[in-house]
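A quick write-up on the structure given underneath.
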Amino acid sequence: RKEVEQDPGPFNVPEGATVAFNCTYSNSASQSFFWYRQDCRKEPKLLMSVYSSGNEDGRFTAQLNRASQYISLLIRDSKLSDSATYLCVVMTDKLIFGTGTRLQVFP
Amino acid sequence: DTGVSQNPRHKITKRGQNVTFRCDPISEHNRLYWYRQTLGQGPEFLTYFQNEAQLEKSRLLSDRFSAERPKGSFSTLEIQRTEQGDSAMYLCASSLQDPEAFFGQGTRLTVV
């Protein structure tokens, strides 16, 4: 079993749609959680950290459920520029990445 | 440019040759990671350093792979006797104690 699991997608959604990505992790000792964004042929970049209390950054909302070892990312009012791969990342003593979920937003 | 720098950006090598990649992290970042990424997959952990100490090396990594960070600044990743399966993007990232990691643009290795 992989340490961090994500649905690879792709998720194809129209502009303006709301889309949600999920992620599960296996190590209950994991300390920190993140979502990274990776554009095609580019390096990953931090999108947002994830906290148990939930956190919001504009159209993006991230949530952590430690009991279920589950992380989510919600994108509201999707834009064409949101098209990318979204990587779920978990930190124990090092950063472990999921395979990523590909999002394609169409006009 | 004060970001993470990787060299070379692209490397084509014949099977069986040795290759070495370099990573210059953001100044004063004490943690440095190496990852490998293939098409359709997320970055796969290879190894990481805290200053000059190599703290962990992935069990997926064969003995053909070695990494160093001699003075706790730049790092090198060497692959000996390259195989076609080594073809991938090799990513370096650095961070402070804060876990946010900043990535370089990667070195794309093609083994022919």
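If you read the sequences in order, they're chains V and D. Mapping the first sequence onto our numbering, position 81 (from 1) lands on 81, and the numbers just tick up by one. Mapping the second sequence onto our numbering, position 18 (from 1) lands on 125, and the numbers just tick up by one. Backbone N, C-alpha and C fix where the C-beta goes; we use that ideal spot for every residue, glycine too.
Of Lys118/D, Ser165/D, Asp193/D, Leu203/D, the smallest CA-CA separation from Gln157/D is found for Leu203/D. Residues of the same chain with a CB within less than 6 Å of the CB of Asp57/V, apart from the 5 flanking positions on each side, are Met48 in chain order. With the rule of 3 Cβ pairs closer than 8 Å, the region 143 to 153 of chain D counts as touching the region 161 to 174 of chain D. Rounded to whole angstroms, the Cβ separation of Pro107/V and Glu5/V is 31 Å, and the two are not in contact under 8 Å. Of all alpha-carbon atoms in Gln191/D, Gly110/D, Gln113/D, the one lying nearest the alpha-carbon of Val219/D is that of Gln191/D. Counting along the chain, Gln104/V sits inside the beta strand (DSSP E) bounded by residues 101 to 106.
In this structure the region 79 to 86 of chain V does not touch the region 171 to 187 of chain D; the number of beta carbon pairs closer than 8 Å is below three.
For Leu198/D, the C-beta contacts it makes with chain V under 8 Å involve Glu43, Pro44, in order along the chain. A straight line joining the alpha-carbon of Arg102/V with that of Thr189/D spans about 30 Å. Rounded to the nearest angstrom, the Cβ distance from Ile133/D to Phe209/D is 6 Å, consistent with a contact under 8 Å. When Glu207/D, Leu139/D, Leu146/D are compared, the shortest CA-CA separation from Ala174/D is found for Leu139/D.
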